[in-house]
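S.K.: For any residue, its number in our numbering is found by taking its place in the sequence shown, counting from 1, and adding 11. For glycine and all other residues, C-beta sits at the position ideal for the given N, C-alpha and C. One structure, pasted below without further comment.
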Amino acid sequence: MTINSYLLPPTSYESVAVGRDNASTSGRTLYWLGLLAKEARVVVQVMYALRFLVGVSMTVPVTGLWNLSTLTGLAAWVPVVAAIYLINGIADIEGDQRNGSKRPIATGALSVEAAWRAVGWLVLFGLSAAALVSYEMVALSLVMLAVGWAYSCGPWPLKNTVAGVLIGGSVLGFLTYLAGFVATPGGVLSVDFLVLAGGLSLWMGVVGGFTKDLKDVPGDRAAGRRTLPVRLGVRRAAVVAAVVAVVFALLYAGLVSSVAVALVPHSIGLFLGALAVAAIAGQPPGEGRTVPKWPYRAFMITQYFANLLAVWS
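The structure is reproduced here in structure tokens:
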């Protein structure tokens, strides 16, 4: 039985298979894996993997990243995070459709049933790999799944309020840095690790949370979410995001200079990224300008830059 038999209900598979009768089984499998990867947002998954490696690199030299425990831990964490983002896509299907999302679940290219089946396989694989690392890794994976579920599902999803978005995003980020630390044998928590992991996790929750929802107002409003752009309007929310990004980076730089001097170059990089976020978010809307999308993109680029700098510094 092929992977498509598990991922797709018969009716869904038959509808997509028109014109592909001669396609190879491997081709169809790659096609569906591509849909899953697109729904899980590859750029975001790579970002989580990078956070994991930051957690490792704060424990051992960069040359020691590629040991068996670390690689197994990474192989456990990536599917866990992918499952969380698939759950988010399932939960957000109506809002994503209103927002014109091109992701597979929203467009119907990937059925909800197929997505749930993929979630099950990803969770099974992730927890199995985590068990090969340690009990602590299994516990962290379960907590990560619980927070991811609480973010998107249940009677009071965290994503529905400003505070929930900030808390959920920050916790998911910090758990990922901590997972990298746990997957590294003999690690000892340091002040530098706590400052960097805590700072970048809050950057993810606060600045990421303020910029992420700027482009999703129609769907969020229809779903009853009380995000910052829904409450203030896109323009005012963008200005708030600009101010918060710079203030946050300044506070982080102040903390680093006081208790973690080795991270000063890293804090300078984050501050430069915050200025970029602020410059883009602070621009008034103009004809043909997609202002709501670009502040979050600037935030993501800063995320990549800051975490890469942390790995190699």
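Among Ile95, Arg247, Phe192, which one has its Cα closest to the Cα of valine 144?
M.R.: Of Ile95, Arg247, Phe192, the residue nearest in Cα terms is Phe192.
S.K.: Given a cut-off of 8 Å on the beta-carbon distance, is the pair tyrosine 188 and arginine 39 in contact?
M.R.: Not closer than 8 Å, so no.
S.K.: Between the alpha carbons of isoleucine 279 and glycine 197, how many angstroms are there, rounded?
M.R.: Looking at the two C-alpha atoms, the distance is approximately 30 Å.
S.K.: Hey, quick one: how far does the alpha helix (DSSP H) through asparagine 99 stretch, first residue to last?
M.R.: It spans 79-102 - the alpha helix (DSSP H) in which asparagine 99 sits, taken as one unbroken run.
S.K.: Span of the alpha helix (DSSP H) holding methionine 69?
M.R.: Premise fails: methionine 69 is in no alpha helix (DSSP H) and is neither H nor E.
S.K.: What does the Cβ neighbour count give for lysine 162, buried or exposed, with the cut at 16 atoms within 10 Å?
M.R.: A quick correction: the sequence has tyrosine, not lysine, at residue 162. Counting Cβ neighbours within 10 Å, tyrosine 162 comes out buried, since at least 16 surround it.
S.K.: Name the two residues that bound the continuous alpha helix (DSSP H) containing threonine 118.
M.R.: Taken as a continuous stretch (DSSP letters only), the alpha helix (DSSP H) holding threonine 118 covers 115-118.
S.K.: Around the Cβ of arginine 114, are there at least 16 other Cβ atoms within 10 angstroms (buried) or fewer (exposed)?
M.R.: Arginine 114 is buried by the Cβ-count criterion.
S.K.: Could you tell me the distance, in whole angstroms, from the CA atom of leucine 121 to the CA atom of phenylalanine 136?
M.R.: Whole-angstrom Cα-Cα distance: 21 Å.
S.K.: How many whole angstroms separate the CB atoms of valine 123 and isoleucine 101, which I take to be in contact at a CB cut-off of 8 Å?
M.R.: That pair is a contact at about 6 Å.
S.K.: Roughly how far, in whole angstroms, is the beta-carbon of alanine 252 from the beta-carbon of phenylalanine 221, given that I think they are within contact range, below 8 Å?
M.R.: The pair is a contact, with the Cβ atoms about 4 Å apart (cut-off 8 Å).
S.K.: Run through the stretch 126-206 for me and flag every whole alpha helix (DSSP H) of 4 or more residues, listed as ranges in chain order.
M.R.: Qualifying alpha helix (DSSP H) stretches, in chain order: 146-163, 173-193.
S.K.: Contact defined as beta carbons within less than 8 Å: I believe alanine 289 pairs with alanine 256. What is the distance between those atoms, to the nearest angstrom?
M.R.: Contact flag correct, Cβ pair sits at about 5 Å.
S.K.: Report all residues from its chain with a CB closer than 7 Å to the CB of glutamine 56; omit the five preceding and five following residues, and keep chain order.
M.R.: These residues qualify, in order along the chain: Val89, Val92, Ala93.
S.K.: Checking 8 Å against the spacing of the C-beta atoms, do alanine 129 and isoleucine 116 come in under that value?
M.R.: For alanine 129 and isoleucine 116, no; Cβs fall outside 8 Å.
S.K.: Under the rule that 16 or more other beta-carbon atoms within 10 Å means buried, what is leucine 151, buried or exposed?
M.R.: Leucine 151 is buried by the Cβ-count criterion.
S.K.: Would you mind reading off the limits of the alpha helix (DSSP H) that contains arginine 52?
M.R.: It is not in any alpha helix (DSSP H) - arginine 52 carries neither H nor E in the DSSP assignment.
S.K.: Could you check what DSSP says for arginine 237 in three-state terms: helix, strand or coil?
M.R.: The answer is strand: DSSP assigns arginine 237 an E or B state.
S.K.: Could you say which of Val206, Val158, Ser212 lies nearest to valine 272 if we only look at CA atoms?
M.R.: Nearest of Val206, Val158, Ser212 to valine 272, Cα basis: Val206.
S.K.: Can you tell me which of Leu266, Asp224, Met311, Ala287 puts its alpha carbon nearest to the alpha carbon of glycine 175?
M.R.: Of the candidates Leu266, Asp224, Met311, Ala287, the one whose C-alpha sits nearest the C-alpha of glycine 175 is Asp224.
S.K.: Taking Cβ to Cβ, would you say leucine 266 is nearer than 8 Å to alanine 317?
M.R.: It is not a contact, given that the beta carbons lie outside the stated cut-off.
S.K.: Note down, in chain order, each residue of its chain lying with its Cβ closer than 7 Å to the Cβ of isoleucine 98, except the 5 sequence neighbours on either side.
M.R.: So the qualifying residues of the chain are Val130, Gly159, Trp160, Ser163, Cys164.
S.K.: Rounding to the nearest angstrom, what Cα-Cα distance links methionine 311 and valine 54 in this structure?
M.R.: Near 9 Å, if we compare the C-alpha coordinates of valine 54 and methionine 311.
S.K.: Just to confirm my understanding: we take leucine 320, look at its own chain, exclude 5 residues before and 5 after, and list those with CB closer than 6 Å. What are they?
M.R.: Only His277, Gly280 meet the Cβ criterion.
S.K.: Can the beta-carbon of methionine 69 be found closer than 8 Å to that of serine 201?
M.R.: Yes; because the gap between Cβ atoms is below 8 Å, this pair is in contact.
S.K.: For serine 278, report the span of its alpha helix (DSSP H) as first-last.
M.R.: Unbroken alpha helix (DSSP H) run through serine 278: 275-292.
S.K.: Could you check if lysine 170 is buried or exposed, using at least 16 other CB atoms within 10 Å of its CB as the buried criterion?
M.R.: Result: buried.
S.K.: Buried or exposed: which applies to valine 173, given that a residue is buried once 16 or more other Cβ atoms fall within 10 Å of its Cβ?
M.R.: That one is buried.
S.K.: Under 8 Å, Cβ to Cβ, is there at least one residue of chain B near leucine 85?
M.R.: No chain B is present in this structure, which holds just one protein chain.
S.K.: Does DSSP put alanine 248 in a helix, in a strand, or in coil?
M.R.: Three-state result, alanine 248: helix.
S.K.: Do alanine 194 and threonine 81 have their C-beta atoms within less than 8 Å of each other?
M.R.: It is a contact, given that the beta carbons lie within the stated cut-off.
S.K.: Give the single residue among Glu50, Leu156, Val245 whose Cα lies nearest to the Cα of leucine 183.
M.R.: The residue with the shortest Cα to Cα distance from leucine 183 is Leu156.
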